[in-house]
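Student: The sequence shown begins at -1 in the working numbering and counts up one residue at a time. The beta-carbon is built from N, C-alpha and C at its ideal position, and this holds for glycine as well.
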Amino acid sequence: MRSMAFVSLLCFAGFAVAEDKEFQGYVTDDMCAAEHMMEGMNDKECADECVKMGAVYALFVPDDAKMYLADDPKKLEPHAGENVVVTGTVSADGKSIQVTSIRKVEASR
Ligand SMILES: [Cu+2]
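1) Going by DSSP in three states, Glu20 sits in which element: helix, strand or coil?
2) Going by C-alpha to C-alpha distance, which of Ala56, Asp61, Gly92 sits closest to Ile100?
3) For ligand 1, any of its heavy atoms closer than 6 Å to the Cβ of His118?
4) Between Asp18 and Thr87, is the Cβ-Cβ spacing less than 7 Å?
5) With 16 other CB atoms within 10 Å as the buried threshold, where does Asp91 fall?
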């Protein structure tokens, strides 16, 4: 009987955790978002430069026409300018993603 109670407790905890979602988009910075403004630079160079000037890496998701910040922008840094799928959960305010994993994808914009 005791073990039964333990198992049902575990199940309950499982439901309380927000579900991971996949976000397909590309890594940019929060200053440029969807469009990079600096001429003569590719997306990665622009994002890197913007971050040097105080921006943070962010994920732009074209399907949502929305930009998300990451819980830790450093997780996005190695993927600057790349198309990626980020797995994670959205924060309560909907502005940032608690990143579980990031994988690079070949995708057309
Ligand atoms: Cu930029």
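Tutor: Taking the geometry as given:
1) Position 22 of the sequence shown, counting from 1, holds the residue named residue 20. Of the three classes helix, strand and coil, the one that applies to Glu20 here is strand, per DSSP.
2) Locating residue 100 in the sequence shown gives position 102, counting from the first residue. Looking at the Cα atoms, Ala56 is the closest of the given residues.
3) Lying before the first or after the last residue shown, residue 118 is absent from the chain, which here runs from -1 to 107.
4) Translated into positions along the sequence shown, residue 18 becomes position 20. Translated into positions along the sequence shown, residue 87 becomes position 89. Yes, they are a contact pair.
5) Against the sequence shown, residue 91 aligns to sequence position 93. So Asp91 counts as exposed.
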